[in-house]
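Okay, so here's the structure we're looking at.
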Amino acid sequence: MRDAPDAEVVARVLGGDIEAFGIVLRRYEPELLRYAQRMLGDPDAAGDAVAEGLVRAYRHLASCRDPNRLRPWLYRIVANRCKTHLGRRRADVIPLDEAPPVADAADSEAEVELAERLARAESALARLAPDRREAFVLRHVQGLSYEEMAAVTGATVTTLRMRVHRAREALAAALKEDA
Amino acid sequence: MSTLDPRIHQALEGEIPRETLPPDLQRAVEELERATAALRSGPLPASVADRVMTEIRRPAPTLAARLGSWMATPRALTVHIRPLWTLAAALLAGLVLLTAREPAPVLSAEEGIADFVGRFPGARTVEVAGSFNDWRPGSLALRDEDHDGVWRGSLVLPTGQHQYMFLVDGERWVTDPLAGRYVDDGYGRQNALLIVRRTGHR
Numbered sequence: 001m002r003d004a005p006d007a008e009v010v011a012r013v014l015g016g017d018i019e020a021f022g023i024v025l026r027r028y029e030p031e032l033l034r035y036a037q038r039m040l041g042d043p044d045a046a047g048d049a050v051a052e053g054l055v056r057a058y059r060h061l062a063s064c065r066d067p068n069r070l071r072p073w074l075y076r077i078v079a080n081r082c083k084t085h086l087g088r089r090r091a092d093v094i095p096l097d098e099a100p101p102v103a104d105a106a107d108s109e110a111e112v113e114l115a116e117r118l119a120r121a122e123s124a125l126a127r128l129a130p131d132r133r134e135a136f137v138l139r140h141v142q143g144l145s146y147e148e149m150a151a152v153t154g155a156t157v158t159t160l161r162m163r164v165h166r167a168r169e170a171l172a173a174a175l176k177e178d179a
Numbered sequence: 180m181s182t183l184d185p186r187i188h189q190a191l192e193g194e195i196p197r198e199t200l201p202p203d204l205q206r207a208v209e210e211l212e213r214a215t216a217a218l219r220s221g222p223l224p225a226s227v228a229d230r231v232m233t234e235i236r237r238p239a240p241t242l243a244a245r246l247g248s249w250m251a252t253p254r255a256l257t258v259h260i261r262p263l264w265t266l267a268a269a270l271l272a273g274l275v276l277l278t279a280r281e282p283a284p285v286l287s288a289e290e291g292i293a294d295f296v297g298r299f300p301g302a303r304t305v306e307v308a309g310s311f312n313d314w315r316p317g318s319l320a321l322r323d324e325d326h327d328g329v330w331r332g333s334l335v336l337p338t339g340q341h342q343y344m345f346l347v348d349g350e351r352w353v354t355d356p357l358a359g360r361y362v363d364d365g366y367g368r369q370n371a372l373l374i375v376r377r378t379g380h381r
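Structure representation (structure tokens):
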């Protein structure tokens, strides 16, 4: 069951096997948490958004028209929860003091460099407009195809390509500014 | 106008090999790829699996429980309506009041009725989320009593301006095409704007 395709797992859950939903969690929770963290910039808010999204996904699982495309369907639900959280917070830019701390001085040089690079990247990402941040994260951090992104966001592939382009330009400029 | 050489975009999309680029463009590609790799790494938020499984094992709240929770929660909403839509909303409100089984709400001088109407044939649920309910789905559900695909609901709101969207089947956000006024929501979509005007005592 652990390696069963998504469609089979969904059928089991809809058949009344609640515990089979745990397979969905093991498969997709980490990447959904990563996505929400990059969108919201706050691990607690990211956890809340993903938890709310996954509970909603369970309750509306029968409305997933194509269980073979469960992944973009889950992303869509979590993306909507992230939008709700952002709307409540009324902050399009994540404050820099919410960014994670840079590595401790006792860490190796490579770890320090990685931590600094992550801090700069997060700072640059936080300054993107939400739609461009979403497009960049889905494409380059989460690795979705443009067709999957269209299913998640409801935008056309052309629009998404433009958002990713603009996001790259803004990120490149922000990284240059922070260097 | 693009500030990055188009070949950088092509390399990042995997359409051309990075090695074919001049050194300065290769460095730009590498800078972005290093940033992306960093964003893919780093500690994840704590797992929510236990929390989710605990919640789904609990029986879902009944409609009565959800309605009770909604009615017990204080709400504030401001709505802008054009004169034409004010007339349409007043006529619709009149129709709703004439055909409503329950008694009309008692309004203060600083409140009005906002009527929400949307055409979603085939939808299973239609909700309204907006600035008046913290954009929380599940707190204002519309009804399609005639099963004709037209969903309706009303809300007593303080006078002023509000933003909202429809949420169809719990997953699809739709801008109200009849709203007449909109604001950009920062996600490439538009929120509808409503205006609630004073209606006086009833």
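Quick mapping for you: the protein sequence lines, in order, are chains A and B.
What the first sequence shows, in this note's numbering, is residues 1 to 179, in sequence order.
What the second sequence shows, in this note's numbering, is residues 180 to 381, in sequence order.
Ideal Cβ positions, reconstructed from N, Cα and C, are used throughout, including at glycine.
Quick caveat: nothing in here was measured; it's all calculated off a predicted structure.
Can you give me the start and stop residues for the alpha helix (DSSP H) that residue i sits inside?
i         : result
ILE187(B) : 185-191
ARG117(A) : 109-126
ARG245(B) : 242-251
VAL231(B) : 228-236
GLU19(A)  : Here GLU19(A) belongs to no alpha helix (DSSP H), and DSSP marks it neither H nor E.
ALA214(B) : 202-219
ARG133(A) : 130-136
Spell out the partners DSSP gives residue i in its beta bridges.
i         : result
ASP295(B) : For the sequence presented, residue 295(B) should be read as Phe rather than Asp. Answer is GLY332(B), bridged to PHE295(B).
ASN312(B) : Answer is none; ASN312(B) lacks a bridge partner.
HIS341(B) : LEU373(B)
TYR361(B) : ALA371(B)
VAL50(A)  : Per DSSP, none; premise fails for VAL50(A).
GLU290(B) : PRO337(B)
GLU306(B) : ALA320(B) and LEU346(B)
VAL258(B) : GLY339(B)
Using C-beta distances below 6 Å, list every residue in its chain close to residue i, excluding the 5 sequence neighbours before and after it, in chain order.
i         : result
LEU32(A)  : VAL50 and VAL78
PRO101(A) : Per-residue confidence for PRO101(A) stands at a pLDDT of 47, beneath the threshold of 50, marking its modelled position as unreliable; the derived number appears in the next sentence. Nothing meets the Cβ criterion.
TYR146(A) : VAL157 and LEU160
ALA170(A) : LEU128
TYR28(A)  : LEU74
Can you find a heavy atom of the ligand FAD that lies under 8 Å from the Cβ of residue i?
i         : result
TRP330(B) : The model depicted lacks the ligand FAD and carries no ligand whatsoever.
In chain A, which residues lie less than 8 Å from residue i when you measure between Cβ atoms?
i         : result
ILE235(B) : ILE18, PHE21, VAL55, TYR58 and ARG59
Which same chain residues end up closer than 7 Å to residue i when comparing Cβ atoms and leaving out the 5 residues on each side of it in sequence?
i         : result
ASP364(B) : ASN370
CYS82(A)  : ALA36, MET39, LEU40 and ALA49
ASP6(A)   : PRO67, ASN68 and LEU70
GLN189(B) : ILE195
LEU191(B) : VAL208 and LEU211
Starting from residue i and walking both ways along the beta strand (DSSP E), at which residues does that stretch end?
i         : result
VAL141(A) : Note, VAL141(A): premise wrong, no beta strand (DSSP E); not H, not E.
VAL353(B) : 351-353
Given residue i, which residues of its chain have a CB within under 8 Å of its CB, disregarding the five upstream and five downstream residues?
i         : result
LEU263(B) : GLY359
GLY47(A)  : LEU33 and ALA36
GLN142(A) : GLU31, ARG34, TYR35 and TYR75
Just to make sure I have the definition right: I need the residues of chain A whose C-beta is within less than 7 Å of the C-beta of residue i. Which are they?
i         : result
HIS188(B) : HIS165 and ARG168
Identify the contact partners of residue i in chain A, using a Cβ-Cβ distance below 9 Å as the criterion.
i         : result
ASP348(B) : HIS60 and SER63
Under 8 Å: do the stretch 247-264 of chain B and the stretch 312-329 of chain B share three or more Cβ pairs, one atom per stretch?
yes
Can you find at least 3 beta carbon pairs, one from the stretch 118-138 of chain A and one from the stretch 154-164 of chain A, that sit closer than 8 Å?
yes
With three or more C-beta pairs closer than 8 Å as the rule, is the stretch 48-67 of chain A touching the stretch 226-234 of chain B?
yes
Inter-stretch contact at 8 Å, needing at least 3 Cβ pairs: the stretch 214-224 of chain B / the stretch 300-316 of chain B:
no
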